[in-house]
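For the sequence shown, the numbering used here begins at 94 and goes up steadily by one. As structure tokens, the structure follows; a few thoughts come after it.
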Amino acid sequence: MNFIQKDRVHFHTFDSLRFLSFLLVFLHHSPVPKDNFLHYFAKEGGIGVSFFFVLSGFLITYILMVEKVNTHGKIDLKKFFLRRILRIWPLYYAMVLFAMFTPFILDFFHISYSNEGYPPNWFFTLTFLENYMQMWTGTFPNVSPLNVIWSLCIEEHFYIFWGLAFYWISLKNIPKLLLGCIVFSFVMQTVYQHYGIITLDLFTNIHYFAFGGIPAYIFVFRKDIIKKLELIPAVYKYLYALSVLAIIILLANTGIISDPKVISLLLSILFSGLILSTLGTKNVFKISDKTIPAKLGKYTYGLYLLHPVFIMLFVKMGNYFEWSWFVIVLLSFMATVIFSFLSYHLFEKQFLKLKSKL
């Protein structure tokens with residue numbers, strides 16, 4: 094540990110990366126026809142979720158490490174968990190409440206709804222255990238947006254485990270934690286794969302968070318490596334970002350790699366490298382804060398939770414009014430953005446103000 098980053102910084106490019114990850118998920122759930130070029134981006138929305146996990150792993154690891162450095166090895170777990178609760182729980186439970194009333198609303202307006210999937214078990218939904226219901230049933234809940242909250246359940250489990258882990262371990266043992274989580278995850282993936290269990294829990298996804306933690310550790314404790322990375326011309330870092338996108342499309346549309354463990358390892362390494370390419374003060378891969386993805390990235394949480402609702406709504410309206418798929422996708426996207434904007438400024442922001450005080 095030759096150089097230590099003590100002051101928290103804001104990583105602007107991450108907003109754009111979060112939005113682009115969301116876009117993969119949105120297209121995956123949208124009725125994009127197979128003969129359209131957008132279908133190449135829509136084939137694997139899970140890759141977008143994987144990138145969310147890596148980004149989250151970086152940011153949470155970074156926050157906890159900086160706190161541990163500045164407080165001589167101490168972590169205020171109460172404040173850490175309260176900050177996570179204020180960011181995640183308000184909109185999560187608002188959407189769960191909406192999901193509870195959805196069947197009654199649809200019945201009132203005589204709108205048919207799909208019987209595919211399983212009826213929600215509200216105990217598992219309310220306690221962030223929906224992902225285990227999906228693993229048990231092998232399918233998704235039949236009410237939107239519950240079909241996408243499995244990833245939020247994994248995030249919550251990650252916050253608990255990571256907070257406790259950083260509370261107990263020393264700074265010098267962080268690399269061992271990251272490496273141990275990566276190895277453990279691939280062992281668990283092998284076990285789940287052998288028994289045909291769906292990998293929708295923290296045990297089989299923690300490697301994504303750990304790979305996100307690697308560039309965070311380098312950024313905080315190894316400024317010498319960051320300085321060396323800054324010597325690489327920016328053009329190579331932009332080419333690397335384009336290569337990552339090309340590999341994502343290739344993996345999603347071909348069977349060039351069939352083993353999901355190998356795919357997840359490759360994606361973890363690529364995403365971790367992409368984060369590294371954004372760190373530093375010069376010659377970095379950067380997406381301007383003035384771009385649309387950067388501005389919309391601020392509302393990614395709302396975009397992620399709200400998009401299944403509007404896609405379902407406009408698909409049903411499109412079937413009734415015989416709209417084209419493009420109109421359905423466009424209206425779904427516009428409605429998702431508008432309501433996510435309103436949700437953030439009128440609802441979520443009130444809780445974020447409390448979060449900032451902590």
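For each residue, glycine too, the CB sits at the ideal point set by N, CA and C.
Give me the Cβ distance between C274 and H250, rounded to the nearest whole Å; I'm assuming they're in contact under 8 Å. Wrong, their Cβ atoms sit about 13 Å apart, outside the cutoff.
Quick check on S109: buried or exposed, where buried means 16 or more other Cβ atoms within 10 Å of its Cβ? buried
Going by alpha carbons, who is nearest to I253 out of V420, S436, K171 and K167? K171
What residues match up with P234 in a beta bridge as DSSP calls it? Y211, per the DSSP bridge assignment.
Taking only the alpha-carbon atoms, compute the straight-line gap between L148 and Y397 and give it to the nearest angstrom. 15 Å
Quick one: using the 10 Å Cβ neighbour count with 16 as the cut-off for buried, is L293 buried or exposed? buried
Less than 9 Å separating the beta-carbons of M228 and I290? yes
Evaluate P212 with the Cβ neighbour count: other Cβ atoms within 10 Å of its Cβ, from every protein chain shown; 16 or more gives buried, anything less gives exposed. exposed
On a Cα-Cα basis, can you pick out the residue from K383, K450, N376 and S336 that is closest to L360? S336
Cutting at 7 Å between CB atoms, please list the residues of its own chain near I262, excluding the five before and the five after it. L270
Taking buried to mean at least 16 other C-beta atoms within 10 Å of its own C-beta, is T384 buried or exposed? Exposed: under 16 other Cβ atoms inside 10 Å.
Backbone secondary structure at I242 - three-state DSSP: coil
Of the choices G210, F217, C246 and N346, whose alpha-carbon is the least far from that of T232? Cα-wise, what sits closest to T232 is G210.
Nearest-angstrom Cα distance between A192 and P234? 10 Å
Between F151 and I319, is the Cβ-Cβ spacing less than 9 Å? no
Span separating the alpha-carbon of G56 from that of S417: Residue 56 is absent from the model: the chain starts at 94 and stops at 451.
With 16 other CB atoms within 10 Å as the buried threshold, where does E415 fall? exposed
Determine the closest residue to N298 out of H287, F277 and H203, with distance taken between C-alpha atoms. Comparing Cα positions, the closest option is F277.
Taking the beta carbon of Q282 as the centre, do at least 16 other beta carbons fall within 10 Å, making it buried, or is it exposed? Q282 comes out buried.
Residues of its chain near K321, where Cβ-Cβ distance is below 6 Å and the 5 sequence neighbours each way are ignored: none
Report the CB separation of L131 from L120 in whole angstroms; it is logged as a contact under 8 Å. 6 Å
Identify which residue in S351, S433, H122 and Y333 has its Cα closest to the Cα of S370. Measuring from the Cα of S370, the nearest candidate turns out to be Y333.
Return the CA-CA distance between H203 and F197, expressed in angstroms with no decimal places. 10 Å
When you compare the CB positions of L445 and L179, do they come within less than 9 Å of one another, or not? yes
Using the Cβ count rule (16 or more neighbours within 10 Å means buried), how would you classify Y155? buried
Helix, strand or coil at L386 [DSSP, three-state]: The sequence given here has Pro at residue 386, not Leu. Correct three-state label for P386: helix.
For K89, which three-state DSSP category applies? As shown, the chain starts at 94 and ends at 451. That puts residue 89 outside it, with no answer to give.
So I404 and S425 are supposed to be a Cβ contact under 8 Å. How far apart are they, rounded? 5 Å
Would a C-beta distance cut-off of 9 Å place S244 and V142 closer than the cut-off? yes
Taking the alpha helix (DSSP H) that D108 belongs to, which residues open and close that run? T106 to H122
Answer with buried or exposed for M158, where buried requires no fewer than 16 other C-beta atoms within 10 angstroms of its C-beta. buried
Where does G395 fall in DSSP's three states? helix
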